[in-house]
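Undergrad:
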Amino acid sequence: MKLITIDTLDNAVKAHLIKSKLESEGIPTFLHDEGMVTLYPVMSPALGGIKLKVPQHKAEEAMAILRKFDHQPVKDDKGDIVKCSHCGSEHLIAETSSWRDSKGIFSMLLALFFLVLPIYLKTVYRCLDCNKLTDKD
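The numbering of the sequence shown is UniProt numbering, which starts it at 1 and goes up by one.
(1) For K19 versus L47, is the C-beta spacing smaller than 9 angstroms?
(2) Would R67 and L133 qualify as a contact pair, given that the criterion is a beta-carbon distance under 9 angstroms?
(3) Can you give me the C-alpha to C-alpha distance between Y125 and I93, rounded to a whole angstrom?
(4) Please check the pair V54 and P73, which I expect to be a contact at CB under 8 angstroms, by giving their CB distance rounded to whole angstroms.
(5) What's the C-alpha gap between C87 and C130?
(6) Just checking my contact of L117 with V42 at CB under 8 angstroms: how many whole Å lie between their CB atoms?
(7) How big is the Cα-Cα spacing for G35 and M63?
(8) How is L128 classed by DSSP in three states: helix, strand or coil?
(9) Select from H57, Y40 and Q56 the residue whose C-alpha is nearest the C-alpha of G49.
(10) As a quick exercise: from T8, A59 and K14, pick the residue whose alpha carbon is nearest that of M1.
(11) Among P45, E23 and I4, which has the Cα closest to the Cα of D10?
(12) Based on Cα-Cα distance, which residue from A12, K103, L31 and K78 lies nearest to I6?
(13) Taking DSSP as the reference, what is the three-state secondary structure of I6?
(14) Considering only C-alpha positions, which residue in the set D135, A12 and K14 is nearest to D76?
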């Protein structure tokens, strides 16, 4: 059974609420890295947060339920709704953080070396319709 990550969270309480909702709908749900993120919240960006995983054949159904569960649109600093840069959808979920560029990797290495919080974290959003990442900017 192949598992698909449908959401990443940095809060164990919200992760368990979503897990309970999906399981009440008959979808087996698994939380990966929950213990590490709960015990060491500083390491959440390095681990990618708590990963909410479901079986591949139930992913579409789970994402539809997740859309209903968390239907608040993401807004920028001006109050405008952020849309997916790929498909134009408003169904976005926040990823814990992204350090996929050189500044982020350098910041993470410094944080790990000096055992401090990363100085550069870039939040990105995953589209629930096309599953692509988009920036808030």
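Beta carbons are placed, not taken as given, at the ideal position from N, Cα and C, and that holds for glycine. Note that the coordinates shown come from a computational prediction; the quantities given were computed from them, not determined experimentally.
TA: With the given structure in hand:
(1) Working through the sequence shown from its first residue, we reach residue 19 at position 19. Working through the sequence shown from its first residue, we reach residue 47 at position 47. No, they are not a contact pair.
(2) Indexing the sequence shown from 1 puts residue 67 at position 67. Indexing the sequence shown from 1 puts residue 133 at position 133. In this structure, L133 does not lie closer than 9 angstroms to R67 by Cβ.
(3) Position 125 of the sequence shown, counted from the first residue, corresponds to residue 125. Position 93 of the sequence shown, counted from the first residue, corresponds to residue 93. Y125 and I93: Cα-Cα distance of roughly 5 angstroms.
(4) The residue you call residue 54 lines up with position 54 of the sequence shown. The residue you call residue 73 lines up with position 73 of the sequence shown. Contact flag wrong, Cβ pair sits at about 23 angstroms.
(5) The count along the sequence shown starts at 1 and reaches residue 87 at position 87. The count along the sequence shown starts at 1 and reaches residue 130 at position 130. For C87 and C130, the distance between alpha carbons rounds to 7 angstroms.
(6) Within the sequence shown, numbered from 1, the residue matching residue 117 stands at position 117. Within the sequence shown, numbered from 1, the residue matching residue 42 stands at position 42. 6 angstroms between Cβ atoms; contact.
(7) Taking the sequence shown and counting its residues from 1, one reaches residue 35 at position 35. Taking the sequence shown and counting its residues from 1, one reaches residue 63 at position 63. Rounded to the nearest angstrom, the two C-alpha atoms are 24 angstroms apart.
(8) For this step, residue 128 is matched to residue 128 along the sequence shown. Residue state, collapsed to three classes: coil.
(9) Locating residue 49 in the sequence shown gives position 49, counting from the first residue. It is Y40.
(10) Within the sequence shown, numbered from 1, the residue matching residue 1 stands at position 1. Comparing Cα positions, the closest option is A59.
(11) Translated into positions along the sequence shown, residue 10 becomes position 10. Relative to D10, the option among P45, E23 and I4 whose CA is nearest is P45.
(12) In the sequence shown, the residue the question calls residue 6 occupies position 6. Of the candidates A12, K103, L31 and K78, the one whose C-alpha sits nearest the C-alpha of I6 is L31.
(13) As a working note, residue 6 is residue 6 in the sequence shown. Here I6 sits in strand by DSSP.
(14) Counted from its first residue, the sequence shown places residue 76 at position 76. It is D135.
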